[in-house]
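Take the sequence shown: its position 900, counting from 1, is numbered 898 in my numbering, and each next residue is one higher. All C-beta atoms, glycine included, are put in the ideal place defined by N, C-alpha and C. Structure first, commentary second.
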Amino acid sequence: MTVEQNVLQPGGAAKHQQTFLNQLREITGINDIQVLQQALKDSNGNLELAVAFLTAKNAKVPQLEEATYYQTALPGNDRYISVGSQADSIFFSDVIDLTGDDKDDLQRAIALSLEESNRAFRETGITDEEQAISRVLEASIAENKASLKRTHPEVWSDSPNPYDRKRQDNCPVGLKNVGNTCWFSAVIQSLFNLLEFRRLVLNFSPPANAQDLPRNQKEHRNLPFMRELRYLFALLVGSKRKYVDPSRAVEILKDAFKSNDSQQQDVSEFTHKLLDWLEDAFQIKAEEERDGEKPKNPMVELFYGRFLAVGVLEGKKFENTEMFGQYPLQVNGFKDLHECLEAAMIEGEIESLHSENSAKSGQEHWFTELPPVLTFELSRFEFNQALGRPEKIHNKLEFPPILYLDRYMHKNREITRIKRDEIKRLKEYLTVLQQRLERYLSYGSGPKRFPLVDVLQYALEFASSKPVCTSPVDDLGASAPASGTLPAQTSPSTIEQQGPSSSDVPSTSPVQRSVIHKPFTQSRIPPDLPMHPAPRHITEEELSVLEGCLHRWRTEVENDTRDLQESISRIHRTIELMYSDKTMVQVPYRLHAVLVHEGQANAGHYWAYIYDHHQKRWMKYNDISVTKSTWEELERDSFGGYRNASAYCLMYINDKEQYLIQEEFNKETGQILVGMDTLPSDLRDYVKEDNKRFEKELEEWDAELAQKAQQEKLLSQIPRAPAPSPAPVQAGEPEYLEQPSRTDLSKHLKEDSVQAINKALAEQEDRGPEAIMDSAIKLEYTRLLKLAQEDPPPECDYRLRHAIVYFIQNQAPKKIIERTLLEQFGDHNLSFDERCRNIMKVAQSKLEMIKPDEVNMEEYERWHQDYRNFRETTMFLMVGLEFFQKKSYMEALLYLIYAYQNNKELLSKGPYRGHDEELISHYRRECLLKLNEHAAALFESGDDQEVNNGLIIMNELIVPCLPLLLVDEMEEKDIVAVEDMRNRWCSYLGQEMEPNLQEKLTDFLPKLLDCSTEIKGFNDPPKLPSYSTHELCERYARIMLSLSRTPADGR
């Protein structure tokens, strides 16, 4: 509950009204208590009507597909401090905006927030406020989960080689991303590396009466989650794997969020939920073990603190103690963490706290008890009312590795108030000095202003220039044009002042040379023209006085400017050192972890920088990747202001509480416990079993490699007829082949088939080949279906991995998919192994049993031909983009033309048959514009050979392509590009040029200006290299990633 609410609603008599106020805030996102109360009053207590009043006043609201978690982005939200569910605490609330035009959504959200709250509390042990928040959140997720897009997160696919997944030495273990779970990894790794928290989780034992549980929904949910979290932490301690799979713990969380793989979670929201669950789990244990005393909850002791709120509201003073967990801070408008904290600790007119007769409102927060682990939640998102969607704040915000919190402690409030008053006085004085300095640095009364010292210097230079006795126009007579014509810029008033023509002036050149005229050359400045204007009439006495004054004034201005700058620097330094005295550096907090978000408000990727307190270095935890890092890298990624990455959450720990990061010691030997020795016996056994399974994977891999090597050795001993020698390939040229057939493509699927078969064998080892094959096909189809339903980032196109992904996304008939799967498992590439050979034979026999009327083979071939066309289009696009990045625009254009035409034909059959048409169109257009620019530059050179080369580019490349851009009138950018190219060449018509150039231009322009949209025939498409599926996916990902890092203009 907020401070304002405590004052406005003393006691419990107005609890029902307070619940309505809470619901209004949660549903509308409006935090102004007075506005909410007025709306409730105007609606006579009708919540639905009150929401309608409030939303009618707002600007455009967010569309459902753009909704996201933006609790920390809402204005004024830093006043609502999170507290725990235990020990007089309440749960963090998330604000989800459901105020769209869809009235049904609004009514559903309100109904879900209010109905049966008392009955639900009795049944589940969850407060009505928590249930309201959860239900609104779940309703929002249900509406948005299908449309939310993510830009970066990936689902990591395991390498088939287990040695790639083996942990190296004692390197920290990573966490696999199992579908938009980078938020989970970042938070869990940050907490796991807090040794005290790790010990609490690992040594947690479920209550003795667990068999009687669950008594309510919380216990049914939290205890299984604690069990999975213990297993996960144990694997992070002792696993031999490079990374471990957190799926079981994540699934429990996702059930609570009612989310799925396409939903990007918010780190702040997840952390609130996680700590709340852990608190509940430890509370159950604490209540079981108490001996008449109030139980202590270790989660509350570790993460929750208290602050005192003192202030005045409408002339009435108040003082309240409140509990807090994660402390939210606004980022916008502040340059560093201390500025954020100062703003969060003071609200309103704080002078009213010290005056008796004031109706102004204001309040101060003072920490009375800080938690050992202090987490700051940086509000990097804010809601844009005009656009109706949340936006990320990319402003730079600095934070220190050591944070001293003495100035915010209640025990220091008197000295802090004195220092704040002094800082306020200094800042006011600083403002005056900066304004004075600005007058010196931006001098003038017009729109353009200059430093005063420069103005005086320019005046001094003008006065000191050699006087001239002629008008600036009179001295042009000697260089007037021979023909008597005037330049276009000459005004009529100067015509009478023109001197004799240049033909009357004798040449001073010692050698007569014929003038070589080139088109588009600019007129040159006459060599005798003065560099600067100069006074025409000035006496030595006047000049002496003026120079003396200007020198003196310039010196005075320089001294004044320097004095102001030094005074400003001294004040800045004084403010910086205001809290550096010994009494104000007694509460140090060391930065433990930084959770970073990269992306925009509705999508992105999370990772964490975590300090290794024993190795004294920073580590970067990015899903499965754990690498050494530096403070400089952390600054670059976390401060913001440079790119789309910035810190979202800061975790500081009390630097004097060494138990937080202290290693565990053996009580008997006194030696430090490391690795498996730190685990309880049940977890030690669990990790050993998992390590045995991984060791078995390694052994099987070694055996498989040995078997393959033996087979290859035997095959090499069999005599074979010599194969015909291939046609010679010219040196330096890549070998180009036809596109691989469907059988060739199936070779790349061998590993996928083998993995499915091995998995099926592991599950049903005692069954026959037909049952194993059916199981393997189901497993493979499930895997491919999941890929087809994924919404990957642009660099990952799962359609390239398998034809069935393409078929599923384009709703191919079931019979087509079934036959394709049978062909995959009936392929001869599976004959290397006895088990696989048996399954291959079963699949082949089933293929033979399919009757002609069961599968339309013509349709079957059409689907596979479409897939081959899709892969071919992908290669045209990929090669074209690669040439584009190398600035080989001629080669790039040919590939992109065929990519666009083939893609357009594919898209005519369905929206998922091809690639992004706008992407191909953009780069095709860019190639044409750049080639046009190059051809124009060659033409402007005037050199015959270069002019011809430029016209060849236009006639053979640009002109034939223009109908392709004009054929679709909906592509406005293409039409604009064509007009730009035509205008460039038409601009030459008014310029002087050699007769032969004029003739060539006259001959060329009609072709360029032809408005016909008839598409001329092109040469045969360029040949494509033959890529394996792996190579194609890898090169496609590489080129798409490079495009995202260096986007082209307008893209």
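Endpoints, alpha helix (DSSP H) assigned at residue i
i	result
E880	855 to 883
R615	Not the alpha helix (DSSP H): R615 falls in the beta strand (DSSP E), residues 615 to 620.
Y427	411 to 439
V752	748 to 761
L395	Per DSSP, L395 belongs to no alpha helix (DSSP H) and is neither H nor E.
E299	296 to 301
E997	993 to 1006
Y640	Element bounds for Y640: n/a, residue is neither H nor E.
F195	193 to 200
E990	It is not in any alpha helix (DSSP H) - E990 carries neither H nor E in the DSSP assignment.
F460	450 to 462
K839	832 to 847
G948	942 to 951
E977	970 to 984
A961	Residue identity check: residue 961 is Pro in the sequence provided, not Ala. Run containing P961: 957 to 964, per the alpha helix (DSSP H) assignment.
Residue i - DSSP class collapsed to helix/strand/coil
i	result
S245	helix
A606	strand
S1040	helix
N810	Note that residue 810 corresponds to Ala in the displayed sequence, not to Asn. Three-state result, A810: coil.
I569	helix
Y577	coil
V185	helix
I536	coil
E788	coil
I344	strand
H932	helix
E1029	helix
A591	strand
V81	With a pLDDT of 36 at V81, under the threshold of 50, the modelled position of that residue is not reliable, and no figure is offered here.
K390	strand
K694	helix
Y1034	helix
L306	strand
Whole-number beta carbon distance between residue j and residue i, since they are thought to touch under 8 Å
i	j	result
G948	A933	4 Å
N393	G638	6 Å
L300	F195	7 Å
L1058	A461	Lying before the first or after the last residue shown, residue 1058 is absent from the chain, which here runs from -1 to 1049.
I282	L428	About 55 Å; that fails the 8 Å criterion.
V976	L964	6 Å
R239	F692	6 Å
Y577	K409	Not really, about 15 Å apart at Cβ, beyond 8 Å.
Residue range of the unbroken beta strand (DSSP E) whose run includes residue i
i	result
S627	623 to 627
C647	643 to 652
A897	Careful: A897 lies outside any beta strand (DSSP E), inside the alpha helix (DSSP H) at 887 to 905.
H363	360 to 367
P445	That residue, P445, is in no beta strand (DSSP E); it is neither H nor E in DSSP.
L372	371 to 377
L401	400 to 402
Q328	325 to 328
E320	314 to 322
Residue-level contact to chain D via CB, residue i, 8 Å cutoff
i	result
I573	Given the protein chain composition of this structure (a single chain), no chain D is represented.
Is the number of C-beta pairs between the region 607 to 614 and the region 546 to 565 that are closer than 8 Å three or more? no
Decide yes or no for the touch test of the region 308 to 328 against the region 220 to 229: beta carbon pairs closer than 8 Å, at least 3 of them. no
Check whether the region 838 to 850 touches the region 793 to 803, counting contact only when three or more Cβ pairs, one atom from each stretch, lie closer than 8 Å. no
Are the region 369 to 377 and the region 316 to 332 touching, with three or more C-beta to C-beta distances below 8 Å? yes
Can at least three beta-carbon pairs, one atom from the region 885 to 904 and one from the region 922 to 933, be found at a separation below 8 Å? yes
Is the region 808 to 818 touching the region 889 to 905 in the sense that three or more CB pairs, one from each, lie closer than 8 Å? no
So does the region 976 to 989 actually touch the region 1026 to 1044, counting three or more Cβ pairs closer than 8 Å? Segments in contact, no.
Given 8 Å as the limit, is there contact between the region 640 to 656 and the region 581 to 600, that is, 3 or more CB pairs closer than that? yes
Quick check: the region 231 to 243 against the region 673 to 682, are there 3 or more CB pairs under 8 Å? In short, these stretches touch, since the Cβ pair count reaches three.
Could you tell me whether the region 400 to 407 touches the region 568 to 583, using the rule of 3 or more Cβ pairs below 8 Å? yes
Could you say if the region 692 to 702 and the region 160 to 175 meet the contact criterion of at least three C-beta pairs nearer than 8 Å? yes
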